[in-house]
Amino acid sequence: CEYLIQSVGDDLNSLMNEADKCIAYAGESNVVDKRVINSVCSMQVENKIFDMVDAILQHNGNTVFKLYGDLVTLRENSFGIMAVIRMNYNRLLKVRELYEDGVSPAEIGVRCKMADWLVKKQIQKIRNYDINRLKKALEIIVDTEYAIKIGNLQEQMGLEIMLAKLLEL
């Protein structure tokens, strides 16, 4: 119980939701341990999406689809996943634009409201991605969201196609 509270905070609604997810994930074993909590809880879910973006940038399809499979198992909302991916790419694009304009990492941190270590990490991630590739990635994400919203694509299939297209960039 203490580890769950440390992982998700002490808000009763959040605790109940995360506990329900853990129980569902544990299945017939009925054992909710640190491994289950780390796999299921919301903060961990967002980290999985961040890791998925890192894997996309590294063209590591196996990792991307393994993490995606974990998110599907946890019944994460496709639009929520796409929103976090889009947010990541927006941030990467902003960092890239500022970096190319000669703005120092410290100033990028101030302008983007990011810690210095995170700015440096973002710069490392985008070394092989120019502004046009990042814009193309955002276009793919937005087009996928739109196609799903108007009914041209099923959510899960659309997200999988989007991930494959991002890996091809």
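Letter by letter, the sequence shown follows residues 63 to 231 of our numbering. A virtual CB, placed ideally from N, CA and C, is assigned to each residue, including glycine.
Report buried or exposed for residue i, applying the criterion of at least 16 other Cβ atoms within 10 angstroms of its Cβ.
i, result
"T206", "buried"
"M144", "buried"
Within the continuous alpha helix (DSSP H) that includes residue i, where are the two ends?
i, result
"M144", "140-162"
"L229", "217-230"
"M78", "74-88"
"D192", "No alpha helix (DSSP H) contains D192, which DSSP labels as neither H nor E."
"N100", "96-102"
In whole angstroms, what is the alpha-carbon distance linking residue i and residue j?
i, j, result
"C103", "T135", "12 Å"
"N190", "C63", "43 Å"
"M78", "N100", "16 Å"
"V146", "Y161", "22 Å"
"Y208", "E108", "22 Å"
"K187", "G220", "25 Å"
"G89", "K83", "10 Å"
Measure from the alpha carbon of residue i to the alpha carbon of each residue in the options, then state which is nearest.
i, options, result
"L229", "V98, N75, M114, E90", "M114"
"K156", "M224, R195, T125", "R195"
"K197", "N75, L231, Y130, K110", "L231"
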